[in-house]
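Take the position in the sequence shown, starting the count at 1, then add 12; the result is the number in this note's numbering.
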Amino acid sequence: MHKSSIVFFLSFTVLLFIGQSCTTPKPETPTAVDSPSTISISSFEECIAAGNPVMESYPRQCRTDKGILFTEILEENLVEPIILAPTDGSVDGVTHTGPEDTVIIEEPTVSTPPIVQPLPEPEPQDSPEAIVETVVHENPDYDVVEPQDSMEVDIDNVNWGDGDTTYDETSYEDTSADPNACSPEGAVDVTAGNTYYCLDGIWTHEDYVY
């Protein structure tokens, strides 16, 4: 009886294993997902689509896990100008109430200089004539000596001895050339209340003596 129990238990175990094998579904083979390194990337857009990081630069750049950089290609005239409509309020002293506001810039005022008329030139006038009075002084105390053709020397007065030769101091004066000539130097003459001095051989009024 003991042997029959062992055989029955083994048979039951085998049947149970076979039954579980039939009811358990066959596991599916997982599908391999392509990693960014296995995807062929040839543009900036494909780099972003593969989940690679984008650097904040201008233009933007995308770096793959292998260190390859792809730069975003910007089309010309792609960026449109941004025009902001004016809003209500005051800025720098100018009040804006809507898009139709205009700021009037006044032209600078330039003052015109006055017209200056030239002054008339003065008419030429004749200069006043200088009246020169020639004062002829006649002094009766002095004789007028007539001009001489040659100077005569009295050789009789010459000492011809062995000593020093001496000459008489004879003064020859020619006063005929100028009626105002005088001699000796420094002489003073008072005539009709006027005083005259003999300076440089000419009678000179006291008003002209400096």
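For each residue, glycine too, the CB sits at the ideal point set by N, CA and C.
Secondary structure at residue 212: coil, using DSSP grouped into helix, strand and coil. The Cβ atoms of residue 73 and residue 84 sit closer than 9 Å to each other. Residue pairing by DSSP puts residue 201 in a beta bridge opposite 208. In the three-state DSSP reduction, residue 25 falls in the helix class (H, G or I).
As the crow flies, the alpha-carbon of residue 208 is around 59 Å from that of residue 128. DSSP places residue 59 in the helix class (H, G or I) of the three-state scheme. Within 10 angstroms of the beta-carbon of residue 53 lie 16 or more other beta-carbons, which makes it buried.
Check the Cα spacing between residue 203 and each of 218, 196, 20, 211: the tightest is with 218. Per DSSP, residue 83 is one residue of the beta strand (DSSP E) stretching across 81-83. Residue 82 holds the alpha-carbon nearest to the alpha-carbon of residue 61 among 82, 68, 23. Apart from sequence neighbours up to five positions away, the residues of its chain that approach residue 221 with a beta-carbon distance below 8 Å are 209, 211, ordered along the chain.
As the crow flies, the alpha-carbon of residue 77 is around 49 Å from that of residue 29. A check of alpha carbon separations from residue 197 across 21, 213, 123 identifies 213 as the nearest. Residue 64 is classed as buried because its beta carbon has at least 16 other beta carbons within 10 Å across all chains shown. Judged by DSSP secondary structure, residue 73 falls within the beta strand (DSSP E) whose first and last residues are 73-75. Taken atom to atom, the span from the alpha-carbon of residue 193 to that of residue 137 is near 39 Å. For residue 75, same chain residues with a beta-carbon under 7 Å away, outside a window of 5 residues either side, are 64, 65, 67, 81 in chain order.
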